[in-house]
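Read through the structure below, which is laid out as structure tokens, and then see the notes.
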Amino acid sequence: MIHEVLPYARHGFRYNHYKFFLDDMFHTRVQRLSIETGFTCPNRDGSKGKGGCIYCNNLAFMPPYVLSGTLDDQIKNGIAYLKKRFKAEKFILYFQSYTNTYGPVAVLEKKIQQALENKEIIGISVSTRPDCLDMDVLAFLQDLSKNIPVNLEIGIESIYEKTLTWMNRCHSMKDTYQALSLLEKYSFDVTAHLILGSPTETREEMLAMTREINRWNLQFLKLHHLQVLKESPLGKIYQKNPFHLFLYEEYLDIITEFIARIKPDIIFQRLFAEAPRQYLIAPVWGKRTPEIVMDIQKTMREKNLWQADKR
Ligand code: SF4
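The sequence shown begins at 293 in our numbering and counts up one residue at a time.
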């Protein structure tokens with residue numbers, strides 16, 4: 293049976309869950325600690341565009357401790373917060389906000405070296421875009437990965453030019469293919485980040501993205517449903533001209549179909565977006581995170597689906 297080859301599908305999960313990957317790797321409770329260290333993006337600063345991606349409001353995914361100032365303060369306060377909230381023992385430092393490889397590699401290197409003075413940090417995750425990977429930064433991450441686990445997160449978001457244009461990503465699919473092809477040569481882990489639910493795509497087109505994802509040597513996948521956030525360009529567009537966003541049951545249907553089409557060696561780091569209610573315009577599902585996770589499980593059981601069943 294196919295699920296027997298899913299190494300991190302346990303305790304009722306019918307897909308490879310990142311938590312079990314971390315458990316096996318570190319044998320202790322590990323949480324990702326998000327930080328914001330002053331980068332920007334080429335579609336914000338005018339080098340490629342202005343305004344950023346239309347769905348983006350970085351404040352919506354910054355935990356409270358991120359607003360506490362310096363890198364050292366964010367790490368200290370983040371560790372205290374995650375220890376209290378999740379009883380975490382060790383931490384993966386997550387350069388989450390903006391494009392963290394946009395700029396001289398020395399800037400990122402200095403921040404990482406400073407952070408690694410804290411011995412509770414046992415991994416590094418760096419978030420970026422397909423058009424911001426130069427050889428210097430990749431060589432640095434490769435070197436770093438000899439001493440500590442490194443995860444590069446790359447925002448693909450969609451495989452369709454029409455959607456990338458609609459999103460104001462200001463990069464093309466050619467950039468994405470070049471980046472993924474280049475990354476095949478490196479041994480650190482790579483996450484692909486995708487958004488489901490853009491009004492430019494049909495359900496079939498969204499599910500067809502799985503064929504592309506399965507072609508590449510990716511370790512992790514992060515999926516978000518499209519959320520319309522306050523103080524984002526999309527917020528203004530949506531309030532003028534509302535369009536269809538996933539209803540909760542629709543999303544449960546498509547996310548389970550999506551999982552079932554993904555090859556068995558990919559591990560899911562995330563299956564849906566979680567912007568806090570105060571930032572969210574739509575869709576408002578009124579569900580808490582554990583409830584959504586349980587409903588995805590329930591839907592997979594009801595449809596008798598496992599990851600990779602329909603690959
Ligand atoms: S989604 Fe990422 S690349 Fe786009 S504007 Fe926001 S931080 Fe920049």
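Using N, Cα and C, we set each Cβ at its ideal position, and we do this for glycine too.
Other residues of its chain near residue i: CB distance less than 7 Å, five sequence neighbours each side excluded
i, result
"Leu-314", "Val-322"
"Ala-380", "Arg-321, Val-322, Gln-323 and Leu-374"
"Leu-572", "Gln-519 and Leu-521"
"Phe-535", "Pro-491"
"Phe-318", "Lys-382 and Ile-414"
"Asp-557", "none"
"Glu-566", "Thr-581"
"Glu-401", "Phe-432"
"Tyr-540", "Trp-577 and Lys-579"
"Glu-453", "Ser-464 and Met-465"
Buried or exposed (CB count within 10 angstroms, at least 16 for buried), residue i
i, result
"Asn-516", "Just to set this straight, residue 516 is His in the shown sequence, not Asn. Classification for His-516: buried."
"Met-592", "buried"
"Asn-308", "buried"
"Met-498", "buried"
"Ala-431", "exposed"
"Arg-302", "exposed"
"Lys-514", "buried"
"Ser-473", "exposed"
"Arg-336", "buried"
"Gln-366", "buried"
"Val-297", "exposed"
"Glu-493", "buried"
"Met-459", "buried"
"Gly-447", "buried"
"Ala-471", "buried"
Check whether residue i and residue j have beta carbons under 8 Å apart
i, j, result
"Pro-334", "Asp-428", "no"
"Thr-420", "Glu-449", "no"
"Lys-349", "Ser-464", "Note on identity: in this sequence residue 349 is Asn, with Lys being the wrong assignment. Not closer than 8 Å, so no."
"Phe-312", "Asn-392", "no"
"Phe-306", "Trp-508", "Inspection of the sequence shows that residue 306 is occupied by Arg rather than by Phe. No. Outside cutoff."
"Thr-468", "Ser-490", "no"
"Leu-526", "Ile-346", "yes"
"Asn-369", "Tyr-357", "yes"
"Arg-603", "Lys-555", "yes"
"Ile-384", "Leu-325", "yes"
"Lys-579", "Thr-548", "no"
"Pro-568", "Ala-352", "yes"
6 Å CB neighbourhood of residue i in its chain, flanking five on each side removed
i, result
"Ile-451", "Met-501 and Glu-504"
"Tyr-310", "Ile-559 and Gln-561"
"Ile-414", "Lys-382"
"Phe-512", "Thr-483, Ile-559 and Gln-561"
"Tyr-237", "What is shown of the chain runs 293 to 603, which leaves residue 237 out entirely."
"Val-442", "Ile-416, Leu-433, Leu-436 and Phe-480"
"Gln-388", "Ser-326 and Ser-419"
"Glu-355", "Position check: residue 355 holds Pro in this sequence, whereas Glu was assumed. Taken in chain order, the residues that qualify are Ser-326."
Bridge partner(s) assigned by DSSP for residue i
i, result
"Asp-327", "Looking at the sequence provided, one finds Ile at residue 327 rather than Asp. Phe-387, per the DSSP bridge assignment."
"Arg-562", "Lys-514"
"Leu-444", "Val-418 and Val-482"
"Ile-413", "Phe-383"
"Glu-449", "Leu-486"
"Lys-342", "Asp-337"
Cut-off 8 Å between Cβ atoms - residues of its own chain near residue i, not counting five sequence neighbours on either side
i, result
"Leu-363", "Ile-327, Thr-329, Lys-403, Gln-406 and Ala-407"
"Phe-538", "Leu-488, Gly-489, His-517, Leu-518, Ile-546 and Pro-575"
"Gln-531", "Ile-573"
"Lys-340", "Pro-334, Asp-423, Cys-462 and His-463"
"Tyr-394", "Phe-331, Thr-332, Cys-333, Pro-334, Thr-420, Arg-421 and Cys-424"
Cutoff 8 Å: residue i Cβ touching any chain B Cβ
i, result
"Gln-561", "The chain labelled as chain B is not found in the depicted structure, where only one protein chain is given."
TODO: Considering only heavy atoms of the ligand SF4, list every residue whose Cβ is less than 6 Å from one of them, following chain order.
DONE: Result: Cys-333, Asn-335, Arg-336, Gly-344, Cys-345, Cys-348, Asn-350, Tyr-390, Thr-391, Arg-421 and Gly-447.
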